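Quick notes on the structure that follows.
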């Protein structure tokens, strides 16, 4: 039995993750981490059934001391995820991270810390299998098409832009693509930012609208042709199998893995 704690249990992703862990054979939800006192147990909240007698903690140290989780699933925010991940590694609790917004320096530090502690850690910009395949297909297509733009679309409550999936896609494409500045060399923006963010000459565009969940298009252009690779997550259930897979996998590794594609 793998003992699991969840940070961000009151968010939409967190709620889905709580239900998934509670129903999954081989997993036991032992605690929730929250930034404020919202009740003694999840079952006291209107969000969950009353029989979800899972204690809520505001202190990670107290959570670890009282419940001794094997894995921490973090579905919080870019502002808190780094510290949560660091504290989990220091306490030898294996983090499974679905929150994006890490800097390169933070990823380097966490990679080194996981190695020193010999504790597994998985950071997944996207838990949906289809999204992982989209990124792999885009990397393959980039060997044949130099010109590419990424359009990522998410709900309007998302805090970071571009999304972790958008950045990860660009990073994977950059591994096989030479740096190339796209568009007309004399182009200029009449409205700042209208051409999107620049990553090695690729443009990444972020859309934030109510009604969206998580969607991405990778558009490749060539003479007389276009190739579009697209993935749509229509609800948060699309991420749950990936979360469970990461929880079951992280207990068997002793290093940090960035990206679900590296453990499939």
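In this note's numbering, the protein residues as written are 82 to 345. From the three backbone atoms N, C-alpha and C, an ideal C-beta is built for every residue, glycine too. Values in this document were obtained by computation on a predicted structure and should not be read as measured data.
Over the uninterrupted beta strand (DSSP E) stretch that includes residue 163, give me the two end residues.
Residue 163 -> not in any beta strand (DSSP E); alpha helix (DSSP H) instead, spanning 159–171.
Kindly indicate which three-state DSSP category residue 112 falls into: helix, strand or coil?
strand
Taking one C-beta from the stretch 280–295 and one from the stretch 228–244 each time, how about it: are there three or more such pairs within less than 8 Å?
yes
Span of the alpha helix (DSSP H), counted from its first residue to its last, around residue 96:
93–104
Name the DSSP beta bridge partners of residue 306, please?
303
Taking the Cβ atom as the reference point for each residue, do residue 180 and residue 219 lie within a distance shorter than 8 Å?
no
In angstroms, rounded to a whole number, what distance separates the CA positions of residue 92 and residue 114?
12 Å
For residue 345 and residue 331, the rounded distance between their alpha carbons
12 Å
Do residue 334 and residue 211 have their CB atoms nearer than 8 Å?
no
Report yes or no: do the stretch 102–117 and the stretch 130–139 share at least 3 C-beta pairs separated by less than 8 Å?
yes
Should residue 262 go down as buried or exposed, given a rule of 16 or more other Cβ atoms within 10 Å for buried?
exposed
In the DSSP assignment, what residue or residues form a beta bridge with residue 137?
113
With respect to the beta strand (DSSP E) encompassing residue 278, which residues constitute its N-terminal and C-terminal limits?
278–280
Contact the stretch 307–320 vs the stretch 290–298: 3+ CB pairs below 8 Å:
yes
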